[in-house]
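**Q** I'd like to ask you about the structure that follows.
Number of protein chains: 2
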Amino acid sequence: MSVDIGNRLRHLRMTHNLSQRELAKRAGVTNSTISLIESNSSNPSVGALKRILDGIPIGLAEFFAFEPERPRKAFYAAEELVEIGKGAISYRQVGDSLFGRSLQILKECYQPGSDTGKVPLVHEGEEGGIVLSGRLEVTVDDERRILGPGDAYYFESRRPHRFRCVGPVACEVISACTPPTF
Amino acid sequence: MSVDIGNRLRHLRMTHNLSQRELAKRAGVTNSTISLIESNSSNPSVGALKRILDGIPIGLAEFFAFEPERPRKAFYAAEELVEIGKGAISYRQVGDSLFGRSLQILKECYQPGSDTGKVPLVHEGEEGGIVLSGRLEVTVDDERRILGPGDAYYFESRRPHRFRCVGPVACEVISACTPPTF
DNA sequence: TTCACCTGTTGCAAATACTAAACATATTCC
DNA sequence: GGAATATGTTTAGTATTTGCAACAGGTGAA
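Protein chains in written order, with my numbering: chain S, 1 to 182; chain G, 1 to 182.
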């Protein structure tokens, strides 16, 4: 049911050859605190746990990474897509979090005239997408195309690229990239 | 300094379009608890935080993954190599944790006669190593070799493989594999 | 306006995490 | 053997989190 913090901490402490008192001293807590936590007879505060983990040292994310993976939601209603940017270009992401995922899928909406900027984007991975509505000017390396509904693109993200909404109406795009870069 | 749990939680709750009371109801805590946490005026227990995150839902590891990455240690004394298995085959790992790493480096020590088992190992990734001392029998697919000091191996881990220490002395090996499988 | 309902914040009481010190049990050293 | 040190556990008291309920501001409908 609940996370077995106690055994996890004890195991971690053991593998680092620390006694409860030694770790307590480094962490700035008392040995009894550690004893109680390890025996799962207290529900530690995040602050206390963090101080203790700093004494090992290890981060909170690392500490909880051992948790059995929470079963992932597989379906998302339109309203559930989390909005990432709220400017002229808005991104709605499929999935709550990219944590542990190797793919990012977005519904992008470019307001008329919006632009990813003069300096082209360059990063690792690959990306592609399909235009749903509006007209999108895509520049990759020195090649420039204007894509309309149904048109698509796909390229290696290390090639300098830029997106721009041309024409009078907003432009909607479904895109995917890997690895996630947001 | 400390982790800004409050703002992180508030942001998360907002992006999921939940009110404090709505989230509290789902999580089985009171709205005041959430209010206090979000204003950083309390140091929540791990249990409370977990219940709240379950209401979003999101895992503890995900929640803390946003933390600025703790600067990684780059050098490890021989005693600091964490011992993974303590049986006839012992593994000493370079680095505290595999969290966020794509490579695992081990110093392995096989006691005389020790063996990874009759059923061969099969997993994703690739692995390789160099024998330091003793004699190691390595089987990959149907090929079997006996390696001595200075000899080495490298193969795709999906190919069935097995290690066995032959001869009267213990066998030491330095190995690396990706992705980490322990 | 006034009512109803939503939002987040805030006292007060009860539950509990944390500290300090004592306790119990091994192990080492002389 | 016996003292000294180290280990993890437990007890009593203090500090803090948590739940309950009241409070204050905001929005929309009648």
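Think of the CB as a built atom: it goes at the ideal place given N, C-alpha and C, for glycine as much as any other residue.
It should be emphasised that the depicted structure is a prediction, and the values quoted were computed from it without experimental measurement.
Can you tell me where the beta strand (DSSP E) with K107 (chain S) in it begins and where it stops?
**A** Position 107 of the first sequence, counting from 1, holds the residue named residue 107 (chain S). Note, K107 (chain S): beta strand (DSSP E), 104–110.
**Q** Which residue's Cα is closest to the Cα of E127 (chain S): S:L136, S:P179, S:S90, S:R101?
**A** As a working mapping, residue 127 (chain S) is identified with position 127 in the first sequence. It is S:P179.
**Q** Which two residues bound the contiguous alpha helix (DSSP H) that contains L132 (chain S)?
**A** Counted from its first residue, the first sequence places residue 132 (chain S) at position 132. L132 (chain S) -> not in any alpha helix (DSSP H); beta strand (DSSP E) instead, spanning 126–133.
**Q** Please confirm whether G47 (chain S) has its beta-carbon closer than 8 Å to some beta-carbon of chain G.
**A** Stepping through the first sequence from its first residue, residue 47 (chain S) is reached at position 47. So, interface residue.
**Q** How about V169 (chain S) and G117 (chain S): do their beta carbons lie closer than 8 Å?
**A** Residue 169 (chain S) sits at position 169 when you count from the first residue of the first sequence. Residue 117 (chain S) sits at position 117 when you count from the first residue of the first sequence. No; because the gap between Cβ atoms is not below 8 Å, this pair is not in contact.
**Q** Hey, is the stretch 47–57 of chain S in contact with the stretch 21–28 of chain S, meaning 3+ C-beta pairs nearer than 8 Å?
**A** As far as the Cβ criterion goes, the stretch 47–57 of chain S touches the stretch 21–28 of chain S, which means the pair count is three or higher.
**Q** Kindly say whether L60 (chain G), judged by its beta-carbon, lies nearer than 8 Å to any beta-carbon of chain S.
**A** Residue 60 (chain G) sits at position 60 when you count from the first residue of the second sequence. Yes - at least one Cβ of chain S is within 8 Å of the one on L60 (chain G).
**Q** For I174 (chain S), write down the residues that DSSP places opposite it in a beta bridge.
**A** Here residue 174 (chain S) refers to the residue found at position 174 of the first sequence. S:K107, S:I130, per the DSSP bridge assignment.
**Q** So the candidates are S:A176, S:G125, S:Y154, S:G113; which of them puts its Cα closest to the Cα of G167 (chain S)?
**A** Taking the first sequence and counting its residues from 1, one reaches residue 167 (chain S) at position 167. When each option's Cα is compared against that of G167 (chain S), the closest is S:G113.
**Q** By DSSP's criteria, A152 (chain S) is part of a beta bridge. Which residues make up the other side?
**A** By one-based count along the first sequence, residue 152 (chain S) stands at place 152. According to DSSP, which records beta bridges pairwise, A152 (chain S) is partnered with S:I130.
**Q** Using 10 angstroms around the beta-carbon of V131 (chain S), count the other beta-carbons present and answer buried if the total reaches 16, otherwise exposed.
**A** Here residue 131 (chain S) corresponds to residue number 131 of the first sequence, with the count starting at 1. Buried is the call here.
**Q** To the nearest angstrom, how far is the alpha carbon of R101 (chain S) from that of G95 (chain S)?
**A** As a position in the first sequence, residue 101 (chain S) is number 101, starting the count at 1. As a position in the first sequence, residue 95 (chain S) is number 95, starting the count at 1. Rounded to whole angstroms, R101 (chain S) to G95 (chain S) spans 10 Å at the Cα level.
**Q** Just mark S19 (chain S) as buried or exposed, buried being the case when its beta carbon has 16 or more other beta carbons within 10 Å.
**A** Taking the first residue of the first sequence as position 1, residue 19 (chain S) is located at position 19. By the neighbour-count rule (16 or more Cβ atoms within 10 Å), S19 (chain S) is not buried but exposed.
**Q** Using beta-carbon positions only, say whether E38 (chain G) and L9 (chain G) come within less than 8 Å of one another.
**A** Residue 38 (chain G) sits at position 38 when you count from the first residue of the second sequence. Residue 9 (chain G) sits at position 9 when you count from the first residue of the second sequence. Yes, Cβ-Cβ distance for E38 (chain G) and L9 (chain G) is below 8 Å.
**Q** Which same chain residues end up closer than 8 Å to F155 (chain G) when comparing Cβ atoms and leaving out the 5 residues on each side of it in sequence?
**A** Translated into positions along the second sequence, residue 155 (chain G) becomes position 155. These residues qualify, in order along the chain: E126, E127, G128, V140, H161.
**Q** Pull the bridge partners of D115 (chain G) from the DSSP assignment, please.
**A** By one-based count along the second sequence, residue 115 (chain G) stands at place 115. For D115 (chain G), which the question treats as bridged, DSSP gives the partners G:R164.
**Q** Does chain G have any CB closer than 8 Å to the CB of V82 (chain S)?
**A** To locate residue 82 (chain S), count along the first sequence from 1; it is residue 82. Yes, V82 (chain S) counts as interfacial toward chain G.
**Q** Exposed or buried, which one is S175 (chain S) when buried takes at least 16 other CB atoms within 10 Å?
**A** For this step, residue 175 (chain S) is matched to residue 175 along the first sequence. Result: buried.
**Q** Let me check one thing: in DSSP terms, what residues is V82 (chain G) bridge-paired to?
**A** The residue labelled residue 82 (chain G) in the question sits at position 82 within the second sequence. Looking at the DSSP assignment, V82 (chain G) forms a beta bridge with G:Q93.
**Q** Using a beta-carbon distance below 8 Å, is A65 (chain G) in contact with chain S?
**A** Mapped onto the second sequence, residue 65 (chain G) falls at position 65. At least one chain S Cβ lies under 8 Å of A65 (chain G).
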